[in-house]
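Protein chains in written order, with our numbering: chain A, 227 to 555; chain B, 2 to 295. We put the beta carbon where it would ideally sit given N, CA and C, even for glycine.
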Amino acid sequence: MTAAARRIAAILPVLFLLFTLNGCAQKEAAPPAAFRVALITPGPITDKGWSASAYEGLKQIEKELGAEVVQVEGGGTSQHAGTFRNLAQQGYHVIFGHASEYDDPARSVAKDFPKTTFVIMNGRSTAPNLSPIQFQAGQATYLSGMVAAGMSKTGKIGLVGGPEIPVIREAFRSFEKGAKAFNRDVSVKIVFTGNGDDAAKAKQAAQALLGQGADVLMHNANAAGLGVFQAVTEKKDAYVIGANADQSELATPQNLGSFILDVPSAMLAVARAVKEGKGEGKPFAAGLKDGAVSFKYNPKFQGTVPADLKARVEQARADIIAGTVDPKA
Amino acid sequence: MTPEAVLSFVLQTLAFATPLLLAAQGEVFAERVGVINVGLEGMLLVGALASVWVALLTGSPLAGVLAAVAAGVALAALFALFGVALRRDQVIVGTALNFLALGLTGVLFRAYFSGRTVGVAPTLPRLADTDINALVVLALLLVPLGQWLLFRTRLGVTLRAAGEVPEAAAAGGSRVNRLRVAWVLAGGAFAGAGGAALAIGINNAFTENMTGGRGFIALATVVFGRWTPVGVLGASLLFAAADVAQARLQAAGLVTVPYPVFLAIPYVLTLAALALRGARVRAPAALGEPFDQG
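And the structure:
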């Protein structure tokens with residue numbers, strides 16, 4: 227999110243706060259009859275990515291559950307708690323905080339509003355009315371790893387990460403485990419660039435991996451991942467796997483598929499559980515079982531993914547859901 | 002290492018040094034004439050967006066480069082207005098411009114690119130399967146030219162005088178602030194071109210904040226390169242080589258040190274250069290000081 231946009235966005239919750247502060251004696255309004263759901267996004271919902279996917283989830287909640295919904299763009303760090311408090315005072319039943327950075331402010335506010343359920347994307351904390359959605363990205367990257375190992379001719383696979391954060395590290399570990407499960411001799415090398423915006427650095431990392439003989443690459447570097455697709459486009463015998471969303475349109479003929487985090491379906495599942503009184507204050511694991519994470523083949527891939535490889539991937543998917551295969555490394 | 006590996010290392014280093022080299026080259030002249038332009042990062046960024054946007058619209062990467070230069074000059078003109086003409090604190094003006102550029106490019110990028118399918122931008126023609134393009138060659142050619150201009154011509158003497166003892170330069174008939182504005186604009190052009198070298202030279206698309214701090218590394222490059230074009234060339238190549246090398250070491254699985262250590266290299270070397278070389282590394286005496294021609 228850009229600094230200027232952040233600043234503009236920051237004004238909104240402040241205004242909200244000013245309007246509500248006069249009647250604010252820490253008294254919780256009686257929740258109205260309708261089921262009401264709020265969403266706080268870290269950026270504008272026009273980003274065609276992270277925040278857009280959450281807004282899509284909110285719209286589905288509105289449609290499927292007949293909920294009354296509102297979306298707020300969160301401001302700077304100092305305003306987070308105020309935004310949560312303000313929405314809770316308005317009697318929202320569920321408040322989604324769509325960034326792991328909302329974990330702390332939500333925890334501090336949640337104890338004052340027992341009738342509101344706080345749901346934090348990739349958060350850590352839990353309380354009776356605070357539950358994070360934890361995407362089991364590793365379940366999908368395990369499958370990506372199998373596909374990569376199955377399609378590699380050189381037996382070398384490369385991964386490009388942005389900042390070295392736990393979420394990305396874990397996803398990569400599961401990828402490696404999946405790749406090795408398919409072919410024990412395959413080598414998986416990782417390059418972190420430390421930056422999710424710097425596409426040139428990601429390209430440089432991808433080129434370094436390709437130069438070492440890797441012929442299948444996957445990224446998890448947000449926007450900078452574009453540099454990885456570009457490096458693959460410039461090397462005709464290499465393949466690439468997309469991250470987090472369906473990225474089939476990038477480096478299309480050389481694109482094997484993407485691992486996908488289905489944010490809307492995870493949000494819908496949580497909202498439904500809360501509406502039905504089943505919000506339990508424990509992490510909501512969004513995995514293969516719920517369809518919240520998946521691996522999607524690219525229909526426009528230039529070659530063919532062998533049927534027996536697809537069958538083994540499908541078997542692994544079933545095994546992970548059944549719990550007989552653990553993608554966590 | 003095989004000869005091919007060495008060659009590809011050298012070529013990649015040259016390509017990735019170019020955005021840095023262009024921005025730093027312009028900054029050498031700006032600082033020599035007495036202006037510290039902290040807004041390089043922003044100028045690289047507007048150049049990057051302008052190059053992608055115009056290259057996509059016109060289908061011509063050359064038009065993209067020209068647009069990038071124009072965008073860099075436009076932002077530099079703002080800097081010159083506040084930092085030179087209105088004599089505001091140059092560091093603060095530059096910092097403000099960086100934020101302006103970050104916000105502006107983000108807003109424009111989203112306004113234009115949201116809701117439509119964006120293909121890849123046409124890139125500058127490249128040498129075989131390397132990232133070497135015309136801007137890389139241009140950046141290298143500008144080094145000897147800059148060195149000659151700065152130290153072997155009357156213009157160079159006038160320029161340096163304005164940055165060392167502006168009062169004397171003014172007494173000698175120089176229009177100090179006019180010189181400063183001119184070289185700040187030139188610096189903006191160079192940085193804009195550097196943004197193009199990044200966005201349509203190396204990459205083929207714009208991503209928000211894609212410059213990733215290169216403008217700040219360029220500032221360090223100027224200090225480490227001791228305010229000379231040749232020194233800046235050496236420093237850019239060294240920093241780029243360190244970066245390319247660390248990616249390759251990671252790719253080979255040979256790295257046991259955490260990668261952020263490598264990210265710090267340019268700054269650590271710059272501090273070391275300042276500490277070790279002592280008095281021999283000296284910024285222009287009037288650097289960052291506004292001048293009142295009276």
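Looking at residue i: is its Cβ nearer than 8 Å to the Cβ of residue j?
i      : j      : result
V303/B : A194/B : No answer is possible for residue 303/B: it lies beyond the span of chain B, which begins at 2 and ends at 295.
S370/A : F455/A : no
F322/A : L265/A : yes
D441/A : A405/A : no
A81/B  : L186/B : yes
W184/B : A31/B  : yes
N205/B : A122/B : yes
A353/A : R333/A : yes
F292/B : E209/B : no
S279/A : G269/A : no
N99/B  : G189/B : no
G289/B : V92/B  : yes
L125/B : G43/B  : no
Q294/B : V158/B : no
L435/A : G384/A : yes
P490/A : Q365/A : no
E28/B  : A236/B : no
Would DSSP call residue i helix, strand or coil?
i      : result
K285/A : helix
A264/A : strand
F344/A : strand
Y523/A : strand
K253/A : Any answer about K253/A is weak, because its pLDDT of 44 lies below 50 and its placement is not dependable; what the coordinates show is given next. Here K253/A sits in coil by DSSP.
S357/A : strand
N248/A : With a pLDDT of only 37 at N248/A, under 50, the local geometry of the prediction cannot be trusted, and the value read off the model is given with reservation. Three-state DSSP puts N248/A in coil, outside helix and strand.
A77/B  : helix
Y318/A : coil
N312/A : helix
K536/A : helix
Q294/B : coil
V531/A : coil
E475/A : coil
V386/A : strand
E299/A : strand
L45/B  : helix
E460/A : coil
V36/B  : coil
L125/B : coil
Thinking C-alpha only, which one of the options is nearest residue i?
i      : options                           : result
R350/A : K508/A, G529/A, E396/A and G517/A : K508/A
L50/B  : G107/B, G95/B, Q294/B and V258/B  : G107/B
L8/B   : V144/B, D132/B, L277/B and V166/B : D132/B
D424/A : N448/A, R410/A and L443/A         : N448/A
V539/A : G308/A, V551/A and A353/A         : V551/A
R127/B : A162/B, N38/B, Q294/B and G202/B  : G202/B
E390/A : A375/A, G422/A and P340/A         : G422/A
A512/A : D534/A, Y328/A, V496/A and Q316/A : V496/A
V182/B : V11/B, A286/B, L45/B and G84/B    : G84/B
F339/A : S326/A, Y328/A and V320/A         : V320/A
A163/B : G104/B, V11/B, A286/B and G27/B   : A286/B
V296/A : S304/A, E290/A and Y281/A         : Y281/A
V519/A : N470/A, V386/A and A548/A         : N470/A
I467/A : H445/A, T459/A, D488/A and A457/A : H445/A
R262/A : Y318/A, V489/A, G384/A and E327/A : Y318/A
S557/A : P331/A, Q365/A and L385/A         : The shown model of chain A, from 227 to 555, leaves out residue 557/A, and the question about it has no answer.
P525/A : G483/A, G549/A, A492/A and A542/A : G483/A
L15/B  : A112/B, S61/B, G226/B and L139/B  : L139/B
K461/A : K536/A, Q473/A, L443/A and G387/A : L443/A
Would you say the beta carbon of residue i is closer than 7 Å to some non-hydrogen atom of the ligand NAD?
i      : result
A162/B : The ligand NAD is absent from the structure shown, which contains no ligand whatsoever.
Exercise. Counting only runs of 3+ residues fully inside the stretch 392-449 of chain A, write out the beta strand (DSSP E) ranges in chain order.
Key: 413-418 and 442-446
Quiz item: If we count Cβ pairs, one from each stretch, closer than 8 Å, do we get three or more for the stretch 347-365 of chain A versus the stretch 415-435 of chain A?
Solution: Contact fails between the stretch 347-365 of chain A and the stretch 415-435 of chain A, because fewer than three Cβ pairs, one in each stretch, are under 8 Å apart.
Practice problem: Select from the stretch 184-208 of chain B all residues with a C-beta closer than 8 Å to any C-beta belonging to chain E, and list them in chain order. | Solution: Here the protein chains are A and B, and chain E is not one of them.
Self-check item: contact_flag[the stretch 188-204 of chain B, the stretch 21-41 of chain B] where n(CB pairs < 8 Å) is 3 or more
Solution: yes
Self-check item: Whole runs of the alpha helix (DSSP H) within the stretch 224-279 of chain B, excluding any shorter than 4 residues
Solution: Segments of the alpha helix (DSSP H) lying fully in the stretch 224-279 of chain B: 230-252, 261-264 and 266-278.
Quiz item: Are the stretch 240-248 of chain B and the stretch 256-266 of chain B touching, with three or more C-beta to C-beta distances below 8 Å?
Solution: Verdict: yes, contact present.
Quiz item: What runs of the alpha helix (DSSP H), each 4 residues or longer, lie entirely inside the stretch 79-120 of chain B?
Solution: 91-114
Practice problem: Would you list, in sequence order, the uninterrupted alpha helix (DSSP H) runs of no fewer than 4 residues that lie entirely inside the stretch 127-210 of chain B? | Solution: 135-153, 155-165, 167-172 and 177-197
Quiz item: Counting Cβ pairs, one atom from each stretch, are 3 or more of them under 8 Å apart for the stretch 225-240 of chain B and the stretch 393-407 of chain A?
Solution: no
Quiz item: Taking contact to mean at least 3 C-beta pairs separated by less than 8 Å, is the stretch 374-381 of chain A in contact with the stretch 339-346 of chain A?
Solution: no
Practice problem: Decide yes or no for the touch test of the stretch 425-436 of chain A against the stretch 468-480 of chain A: beta carbon pairs closer than 8 Å, at least 3 of them. | Solution: no
Self-check item: Ranges of the alpha helix (DSSP H) found wholly within the stretch 486-520 of chain A, counting only runs of at least 4
Solution: 489-501
Exercise. Count the CB pairs spanning the stretch 142-152 of chain B and the stretch 226-234 of chain B that are closer than 8 Å, and state whether there are at least three.
Key: Because the criterion of three Cβ pairs below 8 Å is met, the stretch 142-152 of chain B and the stretch 226-234 of chain B touch.
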